[in-house]
Amino acid sequence: MKKLMINKSNYNMFIFFPIIFISIILNMLSSSWLLSWMLIELNLMSFIPIMYNYSKFFNNSNLMKYYMIQTFSSIMMLMSLNFSMKNFFFEMKYLLFFSMMMKLGMPPFHLWFINLMKKNSWMICMILSTLQKVIPLIILIYYISMNNLNIMIIMMIIYFMIMIMPKFIFSSNLKIIMSYSSIINSFWIITISMFHKMNSILFMMFYFMTSWILMTMMKMFNMNTIKNLINQYFANWMYLLILNMLIISAIPPSSMFLMKFMLINLNFTNNILLMLLIMMSSISIIIYFRFFFNSLFLKNFMNKTNMLNILKMMNYMNNKNKLFMIMFIMININMFMIFTTLFNLMN
Numbered sequence: 017m018k019k020l021m022i023n024k025s026n027y028n029m030f031i032f033f034p035i036i037f038i039s040i041i042l043n044m045l046s047s048s049w050l051l052s053w054m055l056i057e058l059n060l061m062s063f064i065p066i067m068y069n070y071s072k073f074f075n076n077s078n079l080m081k082y083y084m085i086q087t088f089s090s091i092m093m094l095m096s097l098n099f100s101m102k103n104f105f106f107e108m109k110y111l112l113f114f115s116m117m118m119k120l121g122m123p124p125f126h127l128w129f130i131n132l133m134k135k136n137s138w139m140i141c142m143i144l145s146t147l148q149k150v151i152p153l154i155i156l157i158y159y160i161s162m163n164n165l166n167i168m169i170i171m172m173i174i175y176f177m178i179m180i181m182p183k184f185i186f187s188s189n190l191k192i193i194m195s196y197s198s199i200i201n202s203f204w205i206i207t208i209s210m211f212h213k214m215n216s217i218l219f220m221m222f223y224f225m226t227s228w229i230l231m232t233m234m235k236m237f238n239m240n241t242i243k244n245l246i247n248q249y250f251a252n253w254m255y256l257l258i259l260n261m262l263i264i265s266a267i268p269p270s271s272m273f274l275m276k277f278m279l280i281n282l283n284f285t286n287n288i289l290l291m292l293l294i295m296m297s298s299i300s301i302i303i304y305f306r307f308f309f310n311s312l313f314l315k316n317f318m319n320k321t322n323m324l325n326i327l328k329m330m331n332y333m334n335n336k337n338k339l340f341m342i343m344f345i346m347i348n349i350n351m352f353m354i355f356t357t358l359f360n361l362m363n
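Each residue of the sequence shown is one higher than the last, beginning at 17 in this note's numbering.
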């Protein structure tokens, strides 16, 4: 029975996963709002069978909630398109914005996103926080670049920092932490789109790739809480996991930090918005440092043999692991160089 379920899951992935990619690519090439709506629905209908088969904590009510939220936001998008045809610009301006924010699980519509991330497998979390966000983000990027929504975005960021960030700081669930990290970087992508839409798309692609790698490692070793990091203390792969965490947290001199620094220097003119984004990123760095300290230093302090344990960890790394780590660093550097080249060509 278990083998049958695995085969069924692989079959659904083989059929529906390419459809998700095709819908994303077509949306990038599309200039029609109606076609974008159709591609969003195609994307949704392809993701639901995957979600059904890969979720370890599958619950009919959770799947129905996800479907209803996505359907309601799609209706809002259709209404906004209808208003735009009748020249009701005000309604179209905010309805489309809120419908995409709802699809993305952005504050104040974030509760369904956090809940689904917490109760699903890492595979679903990876798709939900990366691929399923691409089409709504691209629609927002092109739409925000044509409309002034600074005040609305500032209000949402302030609400997120005051009402939601405290829960993020004290969470020990890795899936919840990754979901909040996705929200923070989605704010960065949306904000960058106000000044340069192509740079925001490049930043989105880089973040999603890095996030996918990090969650893949967590999936491989079945890690769900920070406590699991402590239990895996002497694992050889821990160095790669920590390195990826440092990259995604945008700690200098990681490529994510350099990308944000370049974008800030070139594009940002709204000081209030810039200050809020930096504050959000600083708090997220604190959260990722919890990973770092728990995985490297907590057991050292408990055993009272700090330097001895650190040396022991270094001896655990064989040549193969060191080579893998060097390759990982080089890939990260190359990704940044590619981004920098494209960035310079577009400006």
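Cβ coordinates follow ideal geometry from the N, Cα and C atoms, glycine included.
query: So the alpha helix (DSSP H) F203 belongs to, where does it begin and stop?
result: Position 187 of the sequence shown, counting from 1, holds the residue named residue 203. Here the alpha helix (DSSP H) through F203 covers 190–208.
- prompt: Is T232 helix, strand or coil by DSSP?
  reply: Here residue 232 is taken as the residue at index 216 of the sequence shown, counted from 1. Helix at T232.
task: List the residues that DSSP assigns as beta-bridge partners of T241.
output: By 1-based counting over the sequence shown, the position of residue 241 is 225. Answer is N189, bridged to T241.
field: Coarse secondary structure for T226, derived from DSSP in three states
entry: Here residue 226 is taken as the residue at index 210 of the sequence shown, counted from 1. Of the three classes helix, strand and coil, the one that applies to T226 here is helix, per DSSP.
field: Whole-angstrom distance between M162 and S47, CA atom to CA atom
entry: Along the sequence shown, one-based indexing puts residue 47 at 31. Along the sequence shown, one-based indexing puts residue 162 at 146. If you draw a straight line from the Cα of S47 to the Cα of M162, it comes to about 14 Å.
- request: Between the Cα of T241 and those of F30, H126, N189, spot the shortest distance and give me the residue it belongs to.
  value: Taking the first residue of the sequence shown as position 1, residue 241 is located at position 225. T241 has its Cα closest to that of N189, out of F30, H126, N189.
message: What residue range does the alpha helix (DSSP H) around L51 cover?
response: By one-based count along the sequence shown, residue 51 stands at place 35. 49–70 is the extent of the alpha helix (DSSP H) around L51.
query: Can you name, in chain order, every residue of its own chain whose Cβ lies under 6 Å from the Cβ of F176, other than the five neighbours on each side?
result: By 1-based counting over the sequence shown, the position of residue 176 is 160. The answer, listed in chain order, is P123.
- request: Check M122 in the structure and name its three-state DSSP category.
  value: Numbered from 1 along the sequence shown, position 106 holds the residue referred to as residue 122. Annotated three-state conformation of M122 is coil, per DSSP.
Where S90 sits in the DSSP three-state scheme: Start at 1 with the first residue of the sequence shown, and residue 90 comes out as number 74. Helix.
F129, enclosing alpha helix (DSSP H) - first and last residue: Stepping through the sequence shown from its first residue, residue 129 is reached at position 113. From DSSP, the alpha helix (DSSP H) with F129 extends over 127–135.
task: Look at the Cβ atom of M426, then the Cβ atom of N260, and state whether they are nearer than 8 Å.
output: One cannot answer for residue 426 here, as it falls past the ends of the chain, which runs 17 to 363.
- request: Using only alpha-carbon positions, find the residue among A266, L111, M142 that is nearest to Y70.
  value: Working through the sequence shown from its first residue, we reach residue 70 at position 54. Closest option to Y70, judged by alpha-carbon separation, among A266, L111, M142: M142.
F176, DSSP secondary structure in three states: Translated into positions along the sequence shown, residue 176 becomes position 160. Correct three-state label for F176: helix.
field: S300 beta carbon less than 8 Å from that of S197
entry: One-based indexing of the sequence shown puts residue 197 at position 181. One-based indexing of the sequence shown puts residue 300 at position 284. Taking 8 Å as the Cβ cut-off, S197 and S300 qualify as a contacting pair.
- prompt: Secondary structure at M329, three-state DSSP: helix, strand or coil?
  reply: Translated into the one-based positions of the sequence shown, residue 329 becomes position 313. Unreliable positioning characterises M329 in this predicted model, as indicated by a pLDDT of 46, which lies under 50. A coordinate reading is not provided.
message: Check this for me: beta carbons of L42 and L50, under 8 Å apart or not?
response: The residue given as residue 42 occupies position 26 in the sequence shown. The residue given as residue 50 occupies position 34 in the sequence shown. No.
task: Closer than 7 Å by C-beta to I36: which residues in its own chain qualify, once you throw out the five before and the five after it? Chain order, please.
output: If you number the sequence shown from 1, residue 36 lands on position 20. Only N59, S62, F63, L147 meet the Cβ criterion.
task: Could you give the DSSP three-state label for N163: helix, strand or coil?
output: For this step, residue 163 is matched to residue 147 along the sequence shown. Look at N163 here: in three-state DSSP terms it is coil, with no helix or strand label.
task: Helix, strand or coil for I267, going by three-state DSSP, please let me know.
output: Counted from its first residue, the sequence shown places residue 267 at position 251. In the structure shown, I267 falls within a coil segment according to DSSP collapsed to helix, strand and coil.
- request: For S39, name the three-state secondary structure that DSSP assigns.
  value: Locating residue 39 in the sequence shown gives position 23, where the first residue counts as 1. Residue state, collapsed to three classes: helix.
- request: Reducing DSSP to helix, strand and coil, say where S46 ends up.
  value: Position 30 of the sequence shown, counted from the start, is the residue given in the question as residue 46. Coil.
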